[in-house]
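Participant: Numbering (UniProt numbering), first residue to last: 1 to 217.
All C-beta atoms in this analysis are idealised placements derived from N, C-alpha and C, irrespective of residue type, glycine included.
The model shown is predicted, which means the values in this text are computed figures rather than measured ones.
1) Opposite residue 188 in the DSSP bridges: which residues?
2) By DSSP's criteria, residue 160 is part of a beta bridge. Which residues make up the other side?
3) Among 213, 141 and 136, which has the Cα closest to the Cα of residue 157?
4) Between the Cα of residue 179 and those of 132, 65 and 187, spot the shortest distance and give me the residue it belongs to.
5) May I have the straight-line CA-CA distance separating residue 214 from residue 207, to the nearest angstrom?
6) Give me, in chain order, the residues of the same chain whose beta-carbon lies closer than 7 Å to that of residue 165; leave out the 5 immediate sequence neighbours on both sides.
7) Using a 10 Å radius around the Cβ and a threshold of 16 neighbouring Cβ atoms, would you call residue 219 buried or exposed?
8) In terms of residue numbering, what span does the beta strand (DSSP E) encompassing residue 204 cover?
9) Which residues in the same chain have their Cβ closer than 7 Å to the Cβ of residue 173, if we skip the five residues on either side of it in sequence?
10) Across which residues does DSSP place residue 194 in a beta bridge pair?
11) Can you grab the Cα-Cα spacing for the pair residue 61 / residue 68, in whole Å?
12) What does DSSP give as the partner residues of residue 183 in its beta bridges?
13) Would you report the Cα separation of residue 175 and residue 185, rounded to the nearest angstrom?
14) Just how far apart, CA to CA, sit residue 169 and residue 152?
15) Do you know how far the Cα of residue 71 is from the Cα of residue 59?
16) For residue 188 versus residue 117, is the C-beta distance shorter than 7 Å?
17) Flag this pair as yes or no: are the beta carbons of residue 203 and residue 146 separated by less than 7 Å?
18) Can you give me the C-alpha to C-alpha distance between residue 50 and residue 39, rounded to a whole angstrom?
19) Quick one: residues in its chain with C-beta nearer than 6 Å to the C-beta of residue 200, no 5 flanking neighbours on either side, listed in chain order?
20) If you draw a straight line from the C-alpha of residue 126 to the C-alpha of residue 134, how long is it?
21) In its own chain, which residues sit with a C-beta less than 8 Å from the C-beta of residue 205, not counting the 5 before and 5 after it?
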């Protein structure tokens, strides 16, 4: 009777030991599962790298900072290259096209420069000092057409025709220079008249007819 009780007690102890071991294994499995769940949740928020968990926002900030430093370095070495790079390969040609377009615009403005006609009269010692001859020579140099003649008032007068810039240069010459022996007091000019597509022609020296019918050289 004593032996039966002892055997039953041994079996009970063995069963309890097995049950305790199974509980430990279950707890371990639960702990492992819990760790996996935590890692899965963290993986949704953090990126993985080199065995460490790094926030994705930190990685993004690091990339942006690296790009900023790179662009800043390029701009310091060659600002023009940085600007071209910012706009892609089309940036360079676009700038070249703009410059070329500006040049073409200036050429077009020059080619359509306004043609004008202006009357003039120069006062002072301007007769018998080769004023008409030198005026004709200067007009030919500038490509200005028109004419010049003596007047009974001891002045010289005439007309200038040509591109506005050339006519302005001729006006300045009549106002300040004239022939070497001339003593110019002042020069008067009429309002500009638009010559349109009219021909400039050559610059000639005219003779006038006096009131008594005589020709004045």
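Facilitator: Judging by the given coordinates:
1) 121
2) 118 and 146
3) 136
4) 132
5) Approximately 10 Å between the Cα atoms of the pair.
6) 113
7) In the structure displayed, the chain extends from 1 to 217; residue 219 sits before or after that span and is not available.
8) 203–205
9) Excluding positions up to five away in sequence, the list reads 138.
10) 116
11) 11 Å
12) 125
13) 8 Å
14) 27 Å
15) 19 Å
16) no
17) yes
18) Since pLDDT at residue 50 reaches only 43, below the 50 mark, its modelled position is unreliable, and the value read off the structure follows with that caveat. Separation of residue 50 and residue 39 (C-alpha to C-alpha, rounded to the nearest whole angstrom) is 15 Å.
19) 145, 161 and 162
20) Each residue's Cα considered, the two are about 11 Å apart.
21) Contacts found: 132, 133, 136, 147, 148 and 149.
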